[in-house]
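S.K.: Basically the numbering used here = 1-based index in the sequence shown + 172.
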Amino acid sequence: MLPIIILLPLILGTILVSWLKNFSRRLTALGAIGVSLTSFSLLLTQAKNVFNGIAIEESWHWLPQVGINLSFRLDALGLIFSLLITGIGTLIYIYAYYYLSPKNSLSKLYTLLMLFMAAMLGISLSNNLIILLVFWELTSISSFLLVGYWSNYEAAQRGSRMALTITGLGGLAMLGGFILLGQVTGTYQIDQILGMGDTIQNSNLFVPILLLILLGAFTKSAQFPFHFWLPNAMAAPTPVSAYLHSATMVKAGIFLLARLLPIFAGSALYHNVVTSIGLLTLCMAAFFAIFKEDLKGLLAYSTISHLGLIIALLGIDSPLAVAAAIFHIINHATFKAALFMIAGIIDHETQTRDLRKLSGIWQLLPFTGTLTMITAAAMAGVPLTNGFLSKEMFFTELLANLSGMSVIFAAVVATLAGLFAVAYSVRLVHGVFFDGDIGKNVPNKDAHEPPLGMRAPAILLATLCILVGILPAFFVENIVNAGTRSSTQLGSFEGVHLAIWHGFNLPLLMSAIALLGGVVFYFALAKGGKIREIDLDPMLGKLQGRILFEDFLKNLLQISRKIKQRTETGSLQSYLFLIILFSIAIVATPLVNQGLGTGTKELTSAPITAIVLWLILFCSCWMMLWFHHERIKAVLISGAIGLVVTMVFVSFSAPDLALTQITVDVVTTVLLLMSLSLLPQLTPYESKKSHRYRDAVIAILGGVSIGWITWLILTRDHNSISWFFVQQALPLGGGSNVVNVILVDFRGFDTFGEIAVLGIAAIGALCLMDGMRAHGTTITQGLTYRFNPSPLMFRMTASWILPVALVISLYIFLRGHNYPGGGFVAGLITSSALIIQYVALGQDQAEKILRAKSGRLYEVWIGSGLVIAGLTGIAAWFWGRPFLTSAHIYVEPALFGKMHLASAAGFDLGVYITVVGSAMLLISVLGDSRHSGMSGPVPKE
173 MLPIIILLPL ILGTILVSWL KNFSRRLTAL GAIGVSLTSF SLLLTQAKNV
223 FNGIAIEESW HWLPQVGINL SFRLDALGLI FSLLITGIGT LIYIYAYYYL
273 SPKNSLSKLY TLLMLFMAAM LGISLSNNLI ILLVFWELTS ISSFLLVGYW
323 SNYEAAQRGS RMALTITGLG GLAMLGGFIL LGQVTGTYQI DQILGMGDTI
373 QNSNLFVPIL LLILLGAFTK SAQFPFHFWL PNAMAAPTPV SAYLHSATMV
423 KAGIFLLARL LPIFAGSALY HNVVTSIGLL TLCMAAFFAI FKEDLKGLLA
473 YSTISHLGLI IALLGIDSPL AVAAAIFHII NHATFKAALF MIAGIIDHET
523 QTRDLRKLSG IWQLLPFTGT LTMITAAAMA GVPLTNGFLS KEMFFTELLA
573 NLSGMSVIFA AVVATLAGLF AVAYSVRLVH GVFFDGDIGK NVPNKDAHEP
623 PLGMRAPAIL LATLCILVGI LPAFFVENIV NAGTRSSTQL GSFEGVHLAI
673 WHGFNLPLLM SAIALLGGVV FYFALAKGGK IREIDLDPML GKLQGRILFE
723 DFLKNLLQIS RKIKQRTETG SLQSYLFLII LFSIAIVATP LVNQGLGTGT
773 KELTSAPITA IVLWLILFCS CWMMLWFHHE RIKAVLISGA IGLVVTMVFV
823 SFSAPDLALT QITVDVVTTV LLLMSLSLLP QLTPYESKKS HRYRDAVIAI
873 LGGVSIGWIT WLILTRDHNS ISWFFVQQAL PLGGGSNVVN VILVDFRGFD
923 TFGEIAVLGI AAIGALCLMD GMRAHGTTIT QGLTYRFNPS PLMFRMTASW
973 ILPVALVISL YIFLRGHNYP GGGFVAGLIT SSALIIQYVA LGQDQAEKIL
1023 RAKSGRLYEV WIGSGLVIAG LTGIAAWFWG RPFLTSAHIY VEPALFGKMH
1073 LASAAGFDLG VYITVVGSAM LLISVLGDSR HSGMSGPVPK E
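(1) To the nearest angstrom, how far is it from the Cα of G348 to the Cα of Q373?
(2) Could you compute how far the alpha carbon of F316 sits from the alpha carbon of S413?
(3) Threshold first: 3 residues or longer. Then list the beta strand (DSSP E) segments lying entirely within the stretch 208-272, N to C.
(4) For S862, I'd like the list of residues in its chain whose CB is within less than 7 Å of its CB, leaving aside the five on either flank, ordered along the chain.
(5) A335: which of V585, E1019 and V319 sits nearest, CA to CA?
(6) So, under 8 Å CB-CB, H478 and H504 are touching, yes? Tell me the CB distance rounded to an integer number of Å.
(7) Go ahead and label T761 buried or exposed: buried means 16 or more other beta carbons lie within 10 angstroms of its beta carbon, across all protein chains shown.
(8) What are the boundary residues of the alpha helix (DSSP H) that includes H417?
(9) Is the stretch 557-574 in contact with the stretch 490-503, if contact means three or more CB pairs nearer than 8 Å?
(10) D466 bridges to which residues according to DSSP?
(11) Three or more C-beta pairs closer than 8 Å, one from the stretch 1052-1061 and one from the stretch 884-892: is that the case here?
(12) Count the other CB atoms within 10 Å of the CB of Q833; is the residue buried (16 or more) or exposed (fewer)?
(13) Figure out for me which residue from I302, A586 and S332 has the closest Cα to the Cα of I351.
(14) Would you say A686 and L591 are within 7 Å of each other, going by their C-beta atoms?
(15) When you compare each of I435, R733 and T410 to M626 by their alpha carbons, which one comes out closest?
(16) Answer with buried or exposed for L938, where buried requires no fewer than 16 other C-beta atoms within 10 angstroms of its C-beta.
(17) Buried or exposed: where does V876 fall if 16 or more other Cβ atoms within 10 Å of its Cβ makes it buried?
(18) Report the three-state DSSP secondary structure of I1061 (helix, strand or coil).
(19) Taking the CB atoms as reference points, tell me whether S296 and F244 lie closer together than 7 Å.
(20) What three-state label does DSSP hand L556 in the structure shown?
(21) With DSSP collapsed to three states, give me the class of L768.
(22) Taking just the CA atoms, how far does G994 sit from V1032?
(23) Sort out for me which residues DSSP pairs L854 with in a bridge.
(24) Among the residues of its own chain, which have a CB less than 7 Å from the CB of M123, if the five just before and after it don't count?
(25) Near A497, what residues of its chain come up, given a Cβ to Cβ distance below 6 Å and the 5 sequence neighbours on each side ignored?
(26) Taking just the CA atoms, how far does L285 sit from L844?
(27) Alpha carbon to alpha carbon, how far is W401 from M292?
(28) Helix, strand or coil: which one does DSSP assign to L1056?
(29) From the DSSP secondary-structure annotation, give me the bridge partner or partners of N300.
(30) Secondary structure at G1108, three-state DSSP: helix, strand or coil?
(31) Quick one: what's got a C-beta closer than 7 Å to A901's C-beta in the same chain, skipping five residues either side?
(32) Take T887 and list the residues in its own chain whose beta-carbon comes closer than 6 Å to its own, dropping the five residues that flank it on each side.
(33) Among the candidates L310, G999 and P491, whose CA atom is the shortest distance from the CA of T420?
(34) Y325 lies in the alpha helix (DSSP H); which residues open and close that run?
(35) Quick check: what's the CA-CA separation for A871 versus I752?
(36) Taking the alpha helix (DSSP H) that A698 falls in, what are its first and last residues?
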């Protein structure tokens, strides 16, 4: 069930909204809302058991040898975050339908939000660090796309790049921390790691593990000094901002710290760093928020401040502090989502977010003003709101768990932050709705309340702010306590009692000072008129995070350009020189002082066949050297070298490799000849005579080095692992062809990656050649770039070659698991036969018969092949086996007798289809005058 909750928005949601957009905006919205609500409902069905301490676990083997499995776990902490993600996500989808103009793509926004939701659900439910990291990076990618939704705006481009860069670098650091954590514990399973806190903290790698993971968490949750990316992300549409700030991306870092808390708890370094950074971020961002002139900018800095509050609580070594953190996570999600929706309503109706222009709009938007008062009061921590309760708990835990000068300092900082929070909350209400004449500077003088559907999500959230504030024990107490036990792994935690009144105490005094001081501070600042944004540049200079980031990118770009200017000369000869020289240096360095003499293995005499093949290869290489500047001859000679290599494989009893080599040789030779037909016949000499001697020395040195390393390997005894594959190919893989079993079973994941790369390369060539026009050359004059029909004799011959080749391909494919062959070779044979049809019939006629207009059919083949191969691998999970594990059985049909069937054949079918699609797409692209043809009319024969 847990993967279904993630896959619903990831696959069903994205496909559904893309399909429903063809009908109407309303159906698109209903589809998105329905998918999100379904995930929310599925989570609710498990809420009773999970909040009672029963964790739900589901796992499928993927790469068990390296500790990577598709493992998911739903406990109270994960359920709290998942309910926030799907519940607020549903409200965001409703709100976005009314907010977004019909001129903008609603389906695009919903698709990206679905991706965002799935990524956050993956983080909340993952029970494997590496899988969590995958979803972690997916949040960075999806937020990049969402922030840059309005891609024509420079601010959107800048903000999306900044968010991706900062969070991406943090994710890279976190990857290092996860790998080190896996090395220390011997596992990536989160539930197992949580019980190994002592082992981790006693390790020499604990400090780098802690710092690297904190970097990932702090960058994602916009903590100082990485906070600057979040305000710059305000270029996103308001529904995106509401979702990002309340329940998704910025909460990911907080969730990570809460999830891994048991392995860090008790470490003085962890508590000192996390609490200090949290308090600094809390106070700094609250102060900056007061002076922001953009309504969303003010809310962005308030988000940073509240995230700092939660981080500080997670840094305090106390289960009650964790309870306060989880409580405030819930509270912040409710009032901040509502406030951003309200900001969108104000912007939508008045056509401005500028606080210098917004004033006195209470009579224009009285209902919206009421909602603003309620949610802003919760943000400021006013009594009878949910924000007040969690703020009180924050003050209490600071005073109870710190001592000496640190408690005084923390109390002062927290009280100041509370004071600043009240000030910017009062500014949000008074400055927008009451300060000044009625809508005097508002661009839209006819602003009015939006439709009920646009206000409904904010109404619901504002109501929750009041209900939780008045009756916390009824609504969230059990949830908070269950989440705390899950985060701390302390089953003995008795729980916290949430109540409005705890008597007169120091935390209440701190709250009173913050409330009264904040009001006074705001009106003192606003006494002379509108509050102006403070120019911090003279005070901070180049120490501002944004400036440091921009300087870093600027210097990186300058260094890259200098390296590019010195290395990217346009000379292939220079590129090869650098590559070979660097390769020699890399290989030679570890081999120095390693004893590079001939090994002790007994040598055998070379047979006459080997000598003949060696002489042919030697002559071919000399011919290649002599004719390398004549492109067509060089290609044909390289084909001859490929034939020699094929014979070498045959002589070494490697028929699979020989079949692969000969078929690859044929297809690649045709592709190269087609490509080179667009270029001049001769390759220009690129270097001076002195450079040729230099290149000759490098070439000889490189060749001798590779030859000598090969000789060293061949003359030494070594332990081979081939025995394992020979012994286990039949019992485990169900095939006697060891090579094929390795490709589709033992190393099936590698093969899947290779065919994916092959498909990407073909599609990349299509994109690269799109719109390209090459000018005619001396060798191509008189030729057309789309194959013309060939003579009748050749066409007649080709007509029977195709069916024969298809039968051979089928034979090679079916026998591949037990005899030489397989999907890759069969695909190349089919491709060769289809290429002959292109040459014989002409490309137009061939594509007409195949219904492959402009290569579109081949793109479908590539996608279908990858899907078939992937589904074959996924099917193994239903039997509790690792990804791409094959199964095989023997059946005895009535007419065919005993037959051996292996599931690997499905994977091999995917390989076959992908290879054919990729090869034919490359052929169609190179032969298509619309992609690679000459400019102007095609020359006549």
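Ideal placement from N, C-alpha and C gives every residue a C-beta, glycine not left out.
Just so we're clear, the structure is a prediction, and the values are computed from it rather than from any experiment.
M.R.: Based on what the coordinates show:
(1) The C-alpha of Q373 is placed about 17 Å away from the C-alpha of G348.
(2) Cα to Cα, F316 sits roughly 12 Å from S413.
(3) Restricted to the stretch 208-272, the beta strand (DSSP E) segments that are unbroken, complete and at least 3 residues in length are 228-235 and 240-246, listed in chain order.
(4) None.
(5) The shortest Cα separation from A335 among V585, E1019 and V319 belongs to V319.
(6) Sure, about 5 Å apart at Cβ, within 8 Å.
(7) Flag for T761 reads exposed.
(8) T410 to S418 is the span of the alpha helix (DSSP H), which, as asked, contains H417.
(9) Three or more beta-carbon pairs drawn from the stretch 557-574 and the stretch 490-503 are found closer than 8 Å, and the two stretches are therefore classed as touching.
(10) As DSSP reads the structure, D466 sits in a beta bridge with D526.
(11) These segments do not touch.
(12) Here Q833 is buried. Its C-beta has 16 or more other C-beta atoms within 10 Å.
(13) Here the closest residue by C-alpha is I302.
(14) With respect to L591, A686 sits close: the two C-beta atoms are nearer than 7 Å.
(15) Closest option to M626, Cα to Cα, is T410.
(16) It counts as buried.
(17) It is exposed - the Cβ of V876 has fewer than 16 other Cβ atoms within 10 Å.
(18) Secondary structure at I1061: strand, using DSSP grouped into helix, strand and coil.
(19) Going by C-beta atoms, S296 is not nearer than 7 Å to F244.
(20) In this structure, L556 counts as coil in the three-state DSSP scheme.
(21) The answer is coil: DSSP assigns L768 none of H, G, I, E or B.
(22) Those two C-alpha atoms are separated by around 22 Å.
(23) As a beta-bridge residue in DSSP terms, L854 pairs with E802.
(24) With the chain running from 173 to 1113 in the structure shown, residue 123 is simply not present.
(25) Result list for A497: I482, L485 and L486, in chain order.
(26) About 44 Å.
(27) The straight-line gap separating the alpha-carbon atoms of W401 and M292 is approximately 19 Å.
(28) DSSP, read as helix, strand or coil, puts L1056 in coil.
(29) The partner list for N300 (beta bridge, DSSP) reads Q361.
(30) Note that G1108 scores 37 on pLDDT, short of 50, meaning its location in the model is unreliable and no value can be drawn from it.
(31) Closer than 7 Å at the Cβ level, and outside the excluded window around A901, lie G907, S908, V910 and V913.
(32) Result list for T887: T770, G771 and K773, in chain order.
(33) Closest option to T420, judged by alpha-carbon separation, among L310, G999 and P491: L310.
(34) Neither: Y325 is in no alpha helix (DSSP H) and is coded neither H nor E.
(35) Their Cα atoms are separated by approximately 8 Å.
(36) Element bounds for A698: n/a, residue is neither H nor E.
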